[in-house]
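Asks: In order, the protein sequence lines correspond to chains Y and Z. So the first sequence is numbered by my numbering: it starts at 1 and just counts up by one. So the second sequence is numbered by my numbering: it starts at 1001 and just counts up by one.
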Amino acid sequence: MKVLAAMSGGVDSSVAAALLVEEGHDVTGVTLRLWDNPTDAGCCSVTEIDDARRVTNVLGIDHLVWTFVDEFDGRVVEPYAAAHAQGLTPNPCIECNRHLKFGRLLRRATQLGFDAVATGHHARVVTDGHHRLLRGADARKDQSYVLYVLGQEELARCRFPVGTMTKTAVRAKAAALGLPTAEKPDSQDVCFVTTSGGRRALLASRIPLHPGRVVDRTGAEVGRVEAVELVTPGQRRGLGTGGGDRRYALAVDTAARTVLVGSAADLEVDSVALDQLCWVHEPVEGEVEAQTSAHAVPVEATFDGARVRFRGRHRRVAPGQSVVLYRGEEVLGGGIVGA
Amino acid sequence: MASPLAHAYLDWAATTPVLPEAVEAMLPFLGERFGNPSGSHAVSREARKALDEARDTVAACLGARPSEIVFTGGGTEADNLAIIGAHAVRPGPTVCSAVEHHAVLHACDALGDSRLGPVDADGVVDLDRLAALLDPSVSVVSVMLANNEVGTIEPLAEVAALVRQRAPHAVVHTDAVQAFPWLDVAALAAPADLVAVSAHKFGGPKGVGALVVRQGVTVRPIIHGGGQEGDRRSGTHNVAGIVAMAAAMRATVDRRQATVDRVRALRDRLADGLLAAVPGCVETVDRATKIAGNCHVSFEGVESEALLVLLDAAGVYGSAGSACASGAVDPSHVLAAMGLSRDRALGALRLSLGPATTDADVDLALAAIPPAVERVRAG
């Protein structure tokens, strides 16, 4: 099989490519330049691209570098900023998977005659009648949450070779093969938010940030924030509400430039409505487990086609975040929490 | 990883194979004639003599005096020395064309106050708009002799005349790196005060180049040390490289007219063949305004980043925009300056020919490219 291995320069994708080579596939490595990284380190920097190429040198396979900066900006970064302007908290990794890795890259791979695209995600695909997406074998490193946007068409052409391995085993394999990336630390969460400037600097360069009022449920002002666009529901710090009872952001209204706060009890909800539903195979209703962030513990719930009703109370999920629905190890699909 | 059996190297603008004459000339200096030309004994004198002879050859090929030649570690260093070194002795704004190589563009940027001269749709610098950027405060004006991406030849004599008239204190620099294999640089660059060339573009080794610094023009060194090259470029001479560059220059100049005539015909057959065989293929600039070895086209609805993967597999080695350090393809500043749409720029393919390009190379390219374009479009 002709496989295009997406190689970030990290250890997981390095080992993914190595395993495919060991299995005898015709593998080509590709590193995507998604972001004009101004520094010498971190994702999409020349250093990362060099690391990926050094791995391909060891594996004896070709290495390509493709520039998808425009699409990444248009499909991931701009929407990320625009969503914040509306008081939403999106997950850009999911949009990157949807539009870049399993969109643009997969389309180009097919165009060039590759049978599949492999990545270093910790997730598994099992095919029995249809393609099932399962959690990675290493529960702590499982990345199935950010892959719920993949459907049958994508899963038919995806390979996640390290999904059956623990992270420890991945590192051991990399070391055994003498891959130069064996010791590299795990990557950060949002690749384009630089540690120096952080989310604030990125958003400030893209959208106007507005100071706002922090109000309680009676409408009384209890504090002020420098930028309502930077507040996420569930947040406790930085709301300028001073001492006294702990108050949490419950909702952000960027148009009115207000942040509504309440107690920990107010933060809890019993259900959440989902938009932009995606299903791995076919729509599912009924008993599910709902996972509300990449590393959250899944909770029992029911889904009626539009709302997820939690068994018991659940901490509010910020609008813009994805809720992924599972049964056991299997990803069924998911959606985005509406405003 | 193995290269296909039949292949066509059509990336001569990126680099060229070292000519046998150049290899032969340099070998003794990697062996018994290893001396440092700056010393005073017999071993040094051997190297010094070779360096003197190489300097004479390079000077003759560039229309300069031997004392006007500064050997450098390549074209980029020559451009940097010209711009930064000239600016250091006469501070003021720099002016360059918008289609310069990054060695010039980024050197000007590094100095702060830089002005960009617009070009027309063929990549030719707009003289009227250039004139508007010139005034007596300007320190350095840099306009290349031939462009590395699209091959356009710039009107250097007119540029120089304009500079003398409107910016009398400025020096004129020309990056002749891409021009040298194809044009009579000695004559065409005569109006310039500073002229940069790079050996590996004409059959010499990588890492060696030269800057002509005309008598009476001062450049402050950017590399300090033992004072070699008339205190303009310190560092022990790369004797083997310099000797090889001189041999490659001599061979290139001796055969240049014959090469140009032969390669132009090959280029025309390649370009005409692509235009005829591929719907939506557009030639980027007027062939009358460019060097003989450059074929630059774009394919509607095709991303050359994808096309290059198929051509690579088919053994046809070309390029898209200007390659960046990571090996990725960056959107071309040259095509943007010429006003090409982004879509056309993303579908651009540069095939650059050289003295050893054959009919078989052109045949292979013409056989491989049309189906590859079709496949990318179908996908």
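Even for Gly, the Cβ is constructed at its ideal location relative to N, Cα and C.
I want to verify the contact list: residues of chain Z whose CB lies under 9 angstroms from the CB of L112/Y, in sequence order.
Replies: Within chain Z, the residues near L112/Y are A1306, V1309, L1310, A1313, R1375, V1376, G1379.
Asks: Between F68/Y and the ligand FAD, is the CB less than 7 angstroms from at least one heavy atom?
Replies: Annotation note on the ligand FAD: not contained in the displayed structure, which lists no ligands.
Asks: Is it right to say K141/Y is buried, meaning 16 or more other beta carbons lie within 10 angstroms of its own, or is it exposed?
Replies: Buried: at least 16 other Cβ atoms inside 10 Å.
Asks: Pull up the distance between the alpha-carbon of A1014/Z and that of A1372/Z, whole angstroms please.
Replies: If you take the alpha carbons of A1014/Z and A1372/Z, they lie about 22 angstroms apart.
Asks: Residue range of the beta strand (DSSP E) that A1210/Z falls in?
Replies: 1209-1213 is the span of the beta strand (DSSP E), which, as asked, contains A1210/Z.
Asks: Check the Cβ-Cβ distances between T181/Y and every residue of chain Z, and say whether any is below 8 angstroms.
Replies: For T181/Y, the answer is no, since every Cβ of chain Z falls outside 8 angstroms of its Cβ.
Asks: Output, in sequence order along the chain, the residues in the region 62-85 of chain Y whose CB is closer than 7 angstroms to any CB in chain Z.
Replies: Answer set for the region 62-85 of chain Y: D62, L64, V65, W66, T67.
Asks: So that I know if they touch, is there some Cβ in chain Y lying closer than 8 angstroms to that of D1330/Z?
Replies: So yes, D1330/Z belongs to the interface.
Asks: Using a Cβ-Cβ cut-off of less than 7 angstroms, list which residues of the region 103-133 of chain Y approach chain Z; keep chain order.
Replies: Listed by position along the chain: R108, T110, Q111, L112.
Asks: Please go through the same chain and pick out, in chain order, the residues whose beta-carbon is closer than 6 angstroms to the beta-carbon of G163/Y, but skip the five residues on each side of it.
Replies: So the list reads H122, A123, R124, G136, once near-sequence residues are dropped.
Asks: Do you know offhand how far V1213/Z's Cα is from E1100/Z's?
Replies: Rounded to whole angstroms, V1213/Z to E1100/Z spans 20 angstroms at the Cα level.
Asks: Name, in chain order, the residues that DSSP records as bridge partners for V1095/Z.
Replies: Partner(s): R1115/Z, V1141/Z.
Asks: State the DSSP-derived secondary structure class of R1090/Z, mapped to helix, strand or coil.
Replies: The answer is coil: DSSP assigns R1090/Z none of H, G, I, E or B.
Asks: Output the distance between the C-alpha atoms of T1016/Z and A1167/Z, rounded to the nearest integer angstrom.
Replies: Going by the C-alpha atoms only, they are around 37 angstroms apart.
Asks: If we require 3 or more residues per run, which beta strand (DSSP E) segments fall completely within the region 1296-1345 of chain Z?
Replies: Qualifying beta strand (DSSP E) stretches: none in this window.
Asks: At what residues does the alpha helix (DSSP H) containing V1253/Z begin and finish?
Replies: Note, V1253/Z: alpha helix (DSSP H), 1239-1277.
Asks: Check H131/Y in the structure and name its three-state DSSP category.
Replies: If DSSP states are grouped into helix, strand and coil, H131/Y belongs with the strands.
Asks: Would you mind working out which of E289/Y, V297/Y, A256/Y, V331/Y sits nearest C278/Y, comparing C-alpha positions?
Replies: Per the Cα distances, V331/Y.
Asks: Over what stretch of residues does the alpha helix (DSSP H) that includes Y80/Y continue unbroken?
Replies: From DSSP, the alpha helix (DSSP H) with Y80/Y extends over 78-85.
Asks: Could you work out which residue in A1132/Z, P1136/Z, A1240/Z, S1352/Z is closest to E1032/Z when comparing CA atoms only?
Replies: Nearest option by C-alpha distance: A1240/Z.
Asks: Closest by CA to D966/Z, which one among S1114/Z, E1149/Z, V1095/Z?
Replies: The structure shown does not extend to residue 966/Z, since chain Z is modelled only from 1001 to 1379, so the question has no answer here.
Asks: Can you give me the start and stop residues for the alpha helix (DSSP H) that T119/Y sits inside?
Replies: Element bounds for T119/Y: n/a, residue is neither H nor E.
Asks: I think W66/Y touches C191/Y, with their Cβ atoms under 8 angstroms apart; what is that distance to the nearest whole Å?
Replies: That pair is no contact at about 16 angstroms.
Asks: In three-state terms, what does DSSP make of G197/Y?
Replies: Looking at G197/Y - three-state DSSP - the assignment turns out to be coil, as it is neither helix nor strand.
Asks: How long is the line joining the alpha carbons of R327/Y and G333/Y, rounded to whole angstroms?
Replies: Rounded to whole angstroms, R327/Y to G333/Y spans 10 angstroms at the Cα level.
Asks: Within 10 Å of its beta-carbon, does Q276/Y have 16 or more other beta-carbons around it, so buried, or fewer, so exposed?
Replies: With fewer than 16 other Cβ atoms within 10 Å, it is exposed.
Asks: Distance check for A1306/Z and G113/Y, CA to CA, integer angstroms please.
Replies: Their backbone Cα atoms lie some 11 angstroms apart in a straight line.
Asks: Determine the DSSP secondary structure at C1108/Z, reduced to helix, strand or coil.
Replies: If DSSP states are grouped into helix, strand and coil, C1108/Z belongs with the helices.
Asks: Quick check on the burial criterion: 16 or more other C-beta atoms within 10 angstroms. Buried or exposed for T1284/Z?
Replies: Label assigned to T1284/Z: buried.
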